[in-house]
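Just add 3 to the spot in the sequence shown (first one is 1) and you have our numbering.
From the three backbone atoms N, C-alpha and C, an ideal C-beta is built for every residue, glycine too.
In what follows, a single structure is set out as structure tokens and then discussed.
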Amino acid sequence: MARYTLHAAAGQVRDRARRPARTIVAVTAAATALVLGFGVPAPAASGPSAHVGRAAAPVVTRAALDPALVAGRGADVDFDEQEAENASTDGTVIGPDRSAYTLPSEASGRSAVRLAPGQYVEFTLPRAANALTVRYSVPDAPGGGGITAPLDVAAGGRHRATMTLTSRYSWLYNQYPFSNDPRGDLLHPDWWITECGCVPAATTPAPTVDKPFRPSHFYDEQRLLLGRRYAAGDTVRLTAPRNSAAAWTVIDLLDSQLVGAPHVEKRAANVLAFGADPSGRRDAGDAFDRAVAYAKKRHLKVYVPPGTYEVNRHIVVDDVTIVGSGSWYTIIKGHQVTLDTPAPDGSVHTGVGFYGKDAADGGSHRVHLSGFTVEGDVRERVDTDQVNAIGGALTDSTIDGLYLHHTKVGMWFDGPMSGLRVTRTTIADGVNFHTGVTDSSVTDTFVRNTGDDGLAMWSEKTSDARNVFAHNTVQTPVLANGIALYGGTDNTVTGNLIADPVREGSAIQVGSRFGAQPFTGHLRITDNTTVRSGPFELNWKIGLGAIWFYALERDIDADIEVSGDHFLDNTYNAIMLVSDFPVKDKYAIRGVRFKDIRVDGTGTSVLSARSAGSASFENVDARNVGAVGINNCGAFNFPASGSEFLVHDLGGNDGGGTTGPWLASWELPNTITCDDRPPVVPPPAPGSWAGASSAH
Numbered sequence: 004m005a006r007y008t009l010h011a012a013a014g015q016v017r018d019r020a021r022r023p024a025r026t027i028v029a030v031t032a033a034a035t036a037l038v039l040g041f042g043v044p045a046p047a048a049s050g051p052s053a054h055v056g057r058a059a060a061p062v063v064t065r066a067a068l069d070p071a072l073v074a075g076r077g078a079d080v081d082f083d084e085q086e087a088e089n090a091s092t093d094g095t096v097i098g099p100d101r102s103a104y105t106l107p108s109e110a111s112g113r114s115a116v117r118l119a120p121g122q123y124v125e126f127t128l129p130r131a132a133n134a135l136t137v138r139y140s141v142p143d144a145p146g147g148g149g150i151t152a153p154l155d156v157a158a159g160g161r162h163r164a165t166m167t168l169t170s171r172y173s174w175l176y177n178q179y180p181f182s183n184d185p186r187g188d189l190l191h192p193d194w195w196i197t198e199c200g201c202v203p204a205a206t207t208p209a210p211t212v213d214k215p216f217r218p219s220h221f222y223d224e225q226r227l228l229l230g231r232r233y234a235a236g237d238t239v240r241l242t243a244p245r246n247s248a249a250a251w252t253v254i255d256l257l258d259s260q261l262v263g264a265p266h267v268e269k270r271a272a273n274v275l276a277f278g279a280d281p282s283g284r285r286d287a288g289d290a291f292d293r294a295v296a297y298a299k300k301r302h303l304k305v306y307v308p309p310g311t312y313e314v315n316r317h318i319v320v321d322d323v324t325i326v327g328s329g330s331w332y333t334i335i336k337g338h339q340v341t342l343d344t345p346a347p348d349g350s351v352h353t354g355v356g357f358y359g360k361d362a363a364d365g366g367s368h369r370v371h372l373s374g375f376t377v378e379g380d381v382r383e384r385v386d387t388d389q390v391n392a393i394g395g396a397l398t399d400s401t402i403d404g405l406y407l408h409h410t411k412v413g414m415w416f417d418g419p420m421s422g423l424r425v426t427r428t429t430i431a432d433g434v435n436f437h438t439g440v441t442d443s444s445v446t447d448t449f450v451r452n453t454g455d456d457g458l459a460m461w462s463e464k465t466s467d468a469r470n471v472f473a474h475n476t477v478q479t480p481v482l483a484n485g486i487a488l489y490g491g492t493d494n495t496v497t498g499n500l501i502a503d504p505v506r507e508g509s510a511i512q513v514g515s516r517f518g519a520q521p522f523t524g525h526l527r528i529t530d531n532t533t534v535r536s537g538p539f540e541l542n543w544k545i546g547l548g549a550i551w552f553y554a555l556e557r558d559i560d561a562d563i564e565v566s567g568d569h570f571l572d573n574t575y576n577a578i579m580l581v582s583d584f585p586v587k588d589k590y591a592i593r594g595v596r597f598k599d600i601r602v603d604g605t606g607t608s609v610l611s612a613r614s615a616g617s618a619s620f621e622n623v624d625a626r627n628v629g630a631v632g633i634n635n636c637g638a639f640n641f642p643a644s645g646s647e648f649l650v651h652d653l654g655g656n657d658g659g660g661t662t663g664p665w666l667a668s669w670e671l672p673n674t675i676t677c678d679d680r681p682p683v684v685p686p687p688a689p690g691s692w693a694g695a696s697s698a699h
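What follows is the structure in structure tokens.
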């Protein structure tokens, strides 16, 4: 319990980190032990691939899983995912590994392929394709700031192109808000750190911390149009050239797809007519402004034809439709610009982005954005900066078919605002509904490689209400959660696929924290699938749940139901309910209902209860459970009457693991079964659920 208490300091640090209004950032399995060495990780090897010397049949996955296991869940995407570890290669498979600060842990499926100069990985196309997305990592420069390195691409047996990979937008170090300097000292020596279990500045002798300290955010992605259509069965070989400046190149996965011809909008205000340069040599910001103003007067759309357009500031939009030729063809790209003096909102930089007016100024209405890419230039985390791809307040608006990359946040909306619909968007950075966003939704959106919560509803000051996150895919959030809910009223999270969270978060969090308004009305978390979640929490030094409820600033006692969800291959627990230790006797989590749930594999328990309160369980089936089904610590007072947390068995709860049924009669209603750090039994890979009831 002493170690658990330590998180009081760590939790307060994280609160300070998250209170600024712009917090999500992206500068774009068996192992469960905590890794305490922090040198730059030349990736751990598990030996050459078994696929050397032959063309591997295509293995198409979704979040590194057999697609049959996630049918109907996650975003409906138009590309095929292939993991490098399933392809032909003469390189070295690294992983699986779920320890923070390693290259395999941040890879999709927790494995990837390392190529030395001269080595390759070769994929076989499962369907016709003319476009590729490669998720990769190359080393940082010794002093930070990144390098560039070539990657040869041969399609159909012929050399087609050389991609230029970069680590300029990856490799972060140190404590929040992180640094690009691998040689830097601790940013906050007065903060408690898990590595020594101490506050370095208050410790004698002062602990020595390895440098670089806490390297993370290793991966980036790059897209390539091949220039022609290749057929199913053709190969795509990615080779690290022998003269590469990179000592190694890690390939995580390849997405392949067939991209249609550019969209043409004939009756529109074409930005070329207003002076926009499609070569990207001249700034097009003023031309975009002129096109927007003209289109509003004439009730026309704005059309952005194929090309790369340089825009180094916000384009303010209101009552206008902007249509590109498709995200593969229309690229709106900008540099990060340092402001001469900080803006009133605290920004010290600006950059490319499409912004509605501030809510305080009435916000913007009827804005429709579709069919283009926003490519930013953000390489560091400054929470006050407004360097997001989409921002401001957008009421009765739609965002569809965008690709957002290298911005601080993909979309950060500051309400009050309502009636926003985000659909079919590919984002590298994340979406946050912040403060009074209502009657809005994010659907069929693909989010990968975020540096904080992938999708979030944050009810700071004013509740978010009646919003829906539906059928989205969130993969590999490097920090924090896949989907996070901080307060709110009558919100729904349904049909999503969340995979591979790494540290300080998990797949789904329901949290009373960060100054959020209480949960009121109902909250429905239904028919979602999580995989390789429930990671090790580095500050608390315990395992989380794939879904975790966290009472830090108030009770959680709304009408909450979790139903139809599948929690697969959990590193530690499937479900956790926890109060921070300093408030464990003040706040509780009450009345959460779990119904029609599948749990396939837990390193430890199905349920970890570390709070006062209660929950009910009905038709929760579990298998491959590594520890006692219910780890019930309650509020850690251990009264003779039993735990402060009550478990209600409503029937139909079946299955278990190494210790017998996961929900056994002897555990009910509140038997203390507290084991603060039970041994981990890595579960087998998830499989089909033969004989499962139709309710599941």
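Collapsed DSSP secondary structure at Pro585 in the structure displayed: Position 582 of the sequence shown, counting from 1, holds the residue named residue 585. In the structure shown, Pro585 sits in a helix (DSSP, three-state: H, G or I).
Report yes or no: do the segment 226-238 and the segment 287-298 share at least 3 C-beta pairs separated by less than 8 Å? Cβ pair count under 8 Å is below three, so no.
Skipping 5 residues on each side, what residues in its chain have a beta carbon closer than 8 Å to that of Leu541? Walking along the sequence shown from the start, residue 541 turns up at place 538. Taken in chain order, the residues that qualify are Leu37, Ala103, Thr197, Arg506, Glu507.
Limits of the unbroken beta strand (DSSP E) element including Asp3: Nothing about residue 3 can be read from this structure; the chain reaches only from 4 to 699.
DSSP-derived helix/strand/coil call for Val445: Counted from its first residue, the sequence shown places residue 445 at position 442. The three-state reading of DSSP puts Val445 in strand, counting E and B together.
Give the DSSP-derived three-state secondary structure of Glu86 in the structure shown. Here residue 86 refers to the residue found at position 83 when the sequence shown is read from its first residue. Shown here, Glu86 sits in a strand according to DSSP, grouped into three states.
Which residues in the same chain have their Cβ closer than 8 Å to the Cβ of Val274, if we skip the five residues on either side of it in sequence? Your numbering for residue 274 matches position 271 in the sequence shown. Only Ala287, Ala290, Phe291, Ala294, Val305, Tyr306, Val307, Pro308, Tyr312 meet the Cβ criterion.
Among residues of its own chain, excluding the 5 on either side of Cys636, which ones have a beta-carbon nearer than 6 Å to its beta-carbon? As a working mapping, residue 636 is identified with position 633 in the sequence shown. In its chain, beyond the 5 residues on either side, Arg613, Cys677 have a beta carbon closer than 6 Å to the beta carbon of Cys636.
Tell me where the alpha helix (DSSP H) around Ala298 begins and ends. Here residue 298 refers to the residue found at position 295 when the sequence shown is read from its first residue. 288-301 is the span of the alpha helix (DSSP H), which, as asked, contains Ala298.
Beta-carbon spacing of Ser608, Asn634 below 8 Å: Here the question's residue 608 lines up with position 605 in the sequence shown. Here the question's residue 634 lines up with position 631 in the sequence shown. Taking 8 Å as the Cβ cut-off, Ser608 and Asn634 qualify as a contacting pair.
Determine the direct distance from the alpha carbon of Gly537 to that of Phe41, and round the result to whole angstroms. For the purposes of this step, residue 41 is taken as the residue at position 38 of the sequence shown. For the purposes of this step, residue 537 is taken as the residue at position 534 of the sequence shown. Since pLDDT at Phe41 reaches only 27, below the 50 mark, its modelled position is unreliable, and no value is offered.
Cut-off 7 Å between Cβ atoms - residues of its own chain near Ala250, not counting five sequence neighbours on either side: Looking up residue 250 in the sequence shown gives position 247. Its chain contains Pro142 as the residues whose beta carbon lies nearer than 7 Å to that of Ala250, once the 5 sequence neighbours on both sides are disregarded; these appear in chain order.
Give the C-beta separation of Gly745 and Ser444 to the nearest angstrom, bearing in mind that I take them to be a contact with Cβ-Cβ under 8 Å. The structure shown does not extend to residue 745, since the chain is modelled only from 4 through 699, so no value can be given for it.
Pick out the complete beta strand (DSSP E) segments inside the segment 354-379, 3 residues or longer, and give them in chain order. Those beta strand (DSSP E) runs which fall completely within the segment 354-379 and span 3+ residues are 356-358, 371-373, 376-378.
Does Leu555 pass the burial test, meaning 16 or more other C-beta atoms within 10 Å, or should it be called exposed? As a position in the sequence shown, residue 555 is number 552, starting the count at 1. Answer is buried; the Cβ neighbour count reaches 16.
If you follow the beta strand (DSSP E) that His162 is in, where does it begin and where does it stop? Taking the first residue of the sequence shown as position 1, residue 162 is located at position 159. 161-169 is the extent of the beta strand (DSSP E) around His162.
Grab me the residues of Ala688's own chain with a C-beta within less than 7 Å of its C-beta, minus the 5 sequence neighbours each way, in chain order. As a working note, residue 688 is residue 685 in the sequence shown. Around Ala688: Asp572.
Touching by the beta-carbon criterion (3+ pairs, under 8 Å), the segment 459-468 and the segment 488-508: Yes, they touch.
So for Leu228, helix, strand or coil by DSSP? Here residue 228 refers to the residue found at position 225 when the sequence shown is read from its first residue. Correct three-state label for Leu228: strand.
For Asn246, count neighbouring C-beta atoms within 10 Å of its own C-beta (all shown protein chains included) and say buried if the count is 16 or more, exposed if not. Here residue 246 refers to the residue found at position 243 when the sequence shown is read from its first residue. With fewer than 16 other beta carbons inside 10 angstroms of its own, Asn246 counts as exposed.
Short Cβ contact (8 Å threshold) for Ser617 with Phe648: To locate residue 617, count along the sequence shown from 1; it is residue 614. To locate residue 648, count along the sequence shown from 1; it is residue 645. It is a contact, given that the beta carbons lie within the stated cut-off.
Is the beta carbon of Ala615 less than 8 Å from the beta carbon of Ala643? Within the sequence shown, numbered from 1, the residue matching residue 615 stands at position 612. Within the sequence shown, numbered from 1, the residue matching residue 643 stands at position 640. Their beta carbons are not under 8 Å apart, which means Ala615 does not touch Ala643 by this criterion.
In the DSSP assignment, what residue or residues form a beta bridge with Trp415? For this step, residue 415 is matched to residue 412 along the sequence shown. Secondary-structure assignment with DSSP links Trp415 through a beta bridge to Gly394, Asn435.
The segment 159-174 touching the segment 213-222, judged by at least three CB pairs closer than 8 Å: With a cut-off of 8 Å, the segment 213-222 and the segment 159-174 count as touching, because enough Cβ pairs lie within range.
Cutoff 6 Å; reference Val239; Cβ partners in own chain excluding five residues on either side: In the sequence shown, counting from the first residue as 1, residue 239 sits at position 236. Once the five neighbours on either side are set aside, the close Cβ partners of Val239 are Phe126, Ala158.
As a quick exercise: from Val385, Ile501, Gly310, pick the residue whose alpha carbon is nearest that of Ile3. Residue 3 cannot be examined here, being either before or after the span of the chain that is shown, 4 to 699.
Let's test the definition: count the other Cβ atoms within 10 Å of the Cβ of Gly278 and tell me whether it reaches 16, buried, or not, exposed. Your numbering for residue 278 matches position 275 in the sequence shown. Exposed, because fewer than 16 other Cβ atoms sit within 10 Å of the Cβ of Gly278.
For Arg469, collect the residues of the same chain with a Cβ closer than 6 Å to its Cβ; drop the 5 residues on either side in sequence, then sort them by chain order. Position 466 of the sequence shown, counting from 1, holds the residue named residue 469. Excluding the 5 residues flanking it on each side, Arg469 has same chain C-beta neighbours closer than 6 Å at Thr441, Asp442, Asp493, in chain order.
Return the CA-CA distance between His266 and His408, expressed in angstroms with no decimal places. Taking the first residue of the sequence shown as 1, we reach residue 266 at position 263. Taking the first residue of the sequence shown as 1, we reach residue 408 at position 405. If I take the Cα positions, the gap works out to 21 Å.
Nearest-angstrom Cα separation, counted from Ser259 out to Val684: Against the sequence shown, residue 684 aligns to sequence position 681. Against the sequence shown, residue 259 aligns to sequence position 256. Per the coordinates, the alpha-carbon of Val684 lies some 36 Å from the alpha-carbon of Ser259.
On the CB-based measure, 16 or more other CB atoms within 10 Å of its CB, does Asp568 come out buried or exposed? For the purposes of this step, residue 568 is taken as residue 565 along the sequence shown, with counting starting at 1. Counting every other CB atom within 10 Å of its CB across the protein chains shown gives Asp568 a total of 16 or more, marking it as buried.
Nearest by alpha-carbon distance to Val425: which of Thr438, Val565, Asp455, Gly394 is it? Walking along the sequence shown from the start, residue 425 turns up at place 422. Ranking the options by Cα distance to Val425, first place goes to Gly394.
Proximal residues to Asp657 (C-beta, below 6 Å), its chain only, five neighbours per side dropped: Here residue 657 refers to the residue found at position 654 of the sequence shown. If the five residues before and after Asp657 are omitted, its C-beta is found closer than 6 Å to the C-beta atoms of Asp624, all from its own chain and listed in chain order.
Which residue spans inside the segment 524-596 form an unbroken beta strand (DSSP E) run of at least 3? For the segment 524-596, whole beta strand (DSSP E) runs of length 3 or above, ordered along the chain, are 532-534, 548-554, 562-566, 569-573, 576-582.
Could you check whether Lys360 and Ser350 sit closer than 8 Å to each other, using their CB atoms as the reference points? Walking along the sequence shown from the start, residue 350 turns up at place 347. Walking along the sequence shown from the start, residue 360 turns up at place 357. In this structure, Lys360 does not lie closer than 8 Å to Ser350 by Cβ.
Does the segment 315-326 come into contact with the segment 371-387, if we say contact requires no fewer than three beta-carbon pairs (one atom in each stretch) closer than 8 Å? Judged by Cβ distances under 8 Å, the segment 315-326 makes contact with the segment 371-387, as three or more pairs qualify.
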